[in-house]
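For reference, the structure is listed below as structure tokens.
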Amino acid sequence: MSSADEARALADALLRGECLTDGAPVAAQLGQAVTEMVARALCAPGAAPLAGRFVVDGIIGEGGSGRVLRARHPLLGIPLALKMLSHAHALAPGGPDEFVREAGLLVQLDHPGIVRVLDVFAALGTFFMVMPWIEGDTLRAHIDGAATLAREQVLRVADEGLSALTALHAAGLVHRDVKPSNLLVNASGRLVLIDLGVACPRDAAAPSRRLVGSPSYCAPEQILGRPVDGRSDVYALGCTLYELVFGRPPVDATDIEGAVHGHLHGTPSFDGEPLVHMGEPFLRWLRRCLSRTRANRPDAATARAELRPLLPAPAVERPGWRALAAAAFPVVRETVEWRVRA
1 MSSADEARAL ADALLRGECL TDGAPVAAQL GQAVTEMVAR ALCAPGAAPL AGRFVVDGII
61 GEGGSGRVLR ARHPLLGIPL ALKMLSHAHA LAPGGPDEFV REAGLLVQLD HPGIVRVLDV
121 FAALGTFFMV MPWIEGDTLR AHIDGAATLA REQVLRVADE GLSALTALHA AGLVHRDVKP
181 SNLLVNASGR LVLIDLGVAC PRDAAAPSRR LVGSPSYCAP EQILGRPVDG RSDVYALGCT
241 LYELVFGRPP VDATDIEGAV HGHLHGTPSF DGEPLVHMGE PFLRWLRRCL SRTRANRPDA
301 ATARAELRPL LPAPAVERPG WRALAAAAFP VVRETVEWRV RA
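If you're matching positions, the sequence shown starts at 1 in UniProt numbering and goes up one per residue.
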């Protein structure tokens, strides 16, 4: 059911005389419906598809935090990605000030594993982030395509994901929505953390009555609406790595209630073929990342340091015999070259 359909169902319930006991979920639902309708209107045939000064070509991603649009620069024609923040966030009390504060931190980030935020602007009753268009496939596409990653590839995802999170946390930010669809492998094979729409300053990550993030990948403290920090992102990355290895998330639920119960009370299985494929040391490390208690979970920098002994040794490019001979016998090389030229 789309957000617009949910909003219509809510209106029907009100017309039947049903009472609302909690206005916060209703406000969020209505905000999502507005965002969906605005996004679809921008992409409707014959419409003037402009968001700010950018030309919108279509919707490429949907989520609780908003919509991601494919757009073009009006003069240069280069492709860009626009993150349209949900109206539920933009219209919340203090929402505009919070967005401006967070955007000021995001535009300063410069890491090869984190998508750049080039600009931000307000339009159509909400806020937009302007990001470069990155060619590649998300980890969600790899998982849905039943692609089996080699052990070295899984370790590379873990290492590069933790590298990005370490930089993000060092800048004082928490992503809050790390998941397979927000991790993209670009054309050069580099893992890139995308969609920073719900990232927040670490010291401002206060409790919320509304769940921020995706239930299947949320840390227990995030599920409970408690303050989060970088270790919450480590848990979410751990859920993603578990799914890459086992083919299913550690909490495999179809509804929010099931996801909440799984994160708070479930115990993921680490048995089967992946134990042989990945090895006990990696799975023991992954268990720590998925610890239900945040105090027992490593931060991103520590988790990366603990992972390093498990990484394959980097390939050493050995010089060819000609280069060795040239370095050892420069006079002979010059003499031979002179005779050949003669």
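No residue lacks a Cβ here, since even glycine has one placed at the ideal position from N, Cα and C. None of the values given here were measured: they were computed from a predicted structure.
| Item | Value |
| --- | --- |
| Beta-carbon spacing of K83, M129 below 9 Å | yes |
| Separation of D110 from I78, as counted between CA atoms | 21 Å |
| Any non-hydrogen atom of the ligand PLP closer than 8 Å to G225 Cβ | Within the structure as shown, the ligand PLP is missing, as the structure has no ligands at all. |
| 9 Å Cβ cutoff met for D233 and V178 | yes |
| Distance, L91 Cα to L224 Cα | 24 Å |
| Close beta carbons around P112, own chain, < 7 Å, minus the five adjacent residues each side | R190 |
| Buried versus exposed, by CB contacts within 10 Å (16 or more), L126 | First, the residue type needs correcting, since residue 126 is Thr and not Leu in the sequence shown. Buried, since its Cβ has 16 or more Cβ neighbours within 10 Å. |
| Outcome for I114 when other beta-carbon atoms lying within 10 angstroms are tallied against a minimum of 16 | buried |
| Contact set for P132: own chain, Cβ-Cβ below 8 Å, skip 5 residues either direction | L80, A81, V115, R116, L118 |
| Straight-line Cα distance separating F54 from L42 | 11 Å |
| Secondary structure, beta strand (DSSP E): runs of 3+ residues fully inside the region 159-229 | 183-186, 191-193 |
| Spatially closest choice to P180 from A146, L241, R72, S65, by CA coordinates | L241 |
| Touch test, the region 138-145 against the region 93-111, Cβ-Cβ under 8 Å, three pairs minimum | no |
| Simplified DSSP state of P281, which is helix, strand or coil | helix |
| Assigned exposure category for G238 - 16 Cβ within 10 Å defines buried | buried |
| Spatial neighbours of E221 in its chain, beta-carbon cut-off 8 Å, leaving aside the 5 residues before and after | P227, V228, S232, R294 |
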